[in-house]
Structure formats: structure tokens, C-alpha cells
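First the structure, in the form of C-alpha cells, and then the observations on it.
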Amino acid sequence: MLKALIVPMMLLPALPAPAQIVSIAPGHIHRVPAPELVAYTPERVPETEALIRSNLLDDPHSPRLGALQPALTLVCFTDYSCKACKCLDEKLHRLLAQHPQLAVTYKFSPSMFQPLNPSRMALTLWEQQPSKFEALHRYLMRYQGLLDDYSIRNAVRSAGSTIYQISPDVTHTLALNKALMKKLNITHTPATLIGDTVLTGDVPFSELEEAVKRAQTET
């Protein structure tokens, strides 16, 4: 279903990427040089498509909310310091409440001008205590103001958890998310992938629902 989206994007010129990223397939972790994800050659379309698909939909290091066995998984590139992301997240939670067969996978991608700590803390909590992630995520998305270390620690406590050290794996996850955005020609957050549709910005709830209906029809 993602083929109509991924293959045209692979025709774009290769873009610069981090020296090394982590590709995560279900059940295991392995390191992959950035060119394996970013570079494109015609004879490698199936291989590259499969790599992008697995890192979008099957990455166990990316937090996911919603159905355990979803009929459709949305992918949202987002950032805790982005106002539009905060507005969109409320709509995504409403969408999950009204459509319990859906799931949303979150790909955190803070810009170079935004702090990394909220995303790192959220990814660490997902790795160590996934049942606490939703409470932390909701707190951070609803928080108004600067997310400094003090407010982030308060957010973790409000989720009923304590984190003493950021997981080293989250740096690789964030780098992978940046590489995926480049490959899909996504330039800013928020951006939501629903089937073969990419919705950028804080789109109306009706557009989210329409894209879901279209994707389910095409399944």
C-alpha cells in the first residue's frame, strides 16, 4: 500500500544523511550505513522499498498507540516543541478514540532549533516502560511553555515513572527518523502518513478521517 508513495520518492536525488543510522526490523537491531537507506538505484527498488517500509511500520523502537493488531497504522513525524504538532496530536487521539481499529506510530524529529531532550526522554520511556509512554506523551504534548530539564522531569513523574539515564539507542532512532523524512521528501513536522497519503501540518480532523477511509478502501 505504501508502494505508490515510496517508489516515486526513491526517484528523487540522494540527500545527505548522518554517517550511520540504525535500521530496526521486528525482533532485532542491526546497523546500516546511511546510503543503504538514502541512496537509490533502479535495480534496488524492492530492497529499498522494503527497508523504508519496515522502518516506518515495523520499528519496535518507535512508540505506537492504538490497536494492538491494527487494521491500519498511521505514521506521524512530530516534535514536542512544535505548536502545530501539539494541535494535531489532539486530533490523532480523537481519531484513535473514534476508530479503535487504528494505530499511530510516532516518529520524533525535533528540528535543529528545538531541544532534543523531550524526544529522548519519551523514546527512553517507551524502551524501558512502554505502558507509561502514553501518559508522558499526553503531558508533553499538552504542556505550554519551554520544555526544560525541570519540566521534563516533572512530566516523567506525572506519568508515574523515574528515568535516571537516557538510553543511548535513542540517538540512532532520531537519526533514522531524519533519514526517513529526507527519503520521503518531508521537510517539517507535523507530517502524517495514512496509506499512500502524506498530510503536512495541522490538518482538519475531517481530512484525517477522509484519508483513513481512502486508505482502508485501498487495502
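Take the sequence shown: its position 113, counted from the start at 1, is 960 in our numbering, and no numbers get skipped. We put the CB at the ideal spot given by N, CA and C, even for glycine.
query	result
Can you list, in chain order, the stretches of the beta strand (DSSP E) that have 3 or more residues and sit fully within the stretch 907–965?	911–913, 919–925, 949–955
Applying the 10 Å Cβ sphere with the 16-neighbour rule, what's the burial state of Lys1060?	exposed
Count the other CB atoms within 10 Å of the CB of Asp995; is the residue buried (16 or more) or exposed (fewer)?	exposed
What's the C-alpha gap between Pro947 and Asp936?	16 Å
By DSSP, does Thr1009 sit in helix, in strand, or in coil?	coil
Would you report the Cα separation of Ala918 and Ser958, rounded to the nearest angstrom?	31 Å
Can you tell me whether Met968 is buried or exposed? The criterion is at least 16 other CB atoms within 10 Å of its CB, across all chains shown.	buried
When DSSP labels each residue in this structure, what does Arg999 get in the three-state scheme?	First, the amino acid is wrong: residue 999 is Ile here, not Arg. Reduced to three states, the DSSP call for Ile999 is helix.
Rounded to the nearest angstrom, what separates Lys938 and Gly1007 at their Cα positions?	25 Å
For Leu859 and Leu1046, what's the separation of their Cα atoms in angstroms?	Its pLDDT being 40, under 50, Leu859 is placed unreliably by the model, and the measurement read from it follows with that caveat. C-alpha separation (whole angstroms): 19 Å.
Roughly how many whole angstroms lie between the Cα atoms of Ser901 and Ser909?	11 Å
Measuring CA to CA, which of Tyr986, Asn1024, Thr971 is closest to Thr1036?	Asn1024
Taking one C-beta from the stretch 976–994 and one from the stretch 1050–1058 each time, how about it: are there three or more such pairs within less than 8 Å?	no
Mind reading off the beta-carbon distance from Leu987 to Thr952? Whole number of angstroms is fine, and I expect it under 8 Å.	At roughly 17 Å, the Cβ-Cβ gap does not stay under 8 Å, so Leu987 and Thr952 are not in contact.
Does the Cβ of Leu915 have 16 or more other Cβ atoms within 10 Å, making it buried, or fewer, making it exposed?	exposed
So, helix, strand or coil for Ile1041, using DSSP?	strand
Across which residues does DSSP place Thr1047 in a beta bridge pair?	Ala1038
Look at the Cβ atom of Ala1062, then the Cβ atom of Ile1033, and state whether they are nearer than 7 Å.	no
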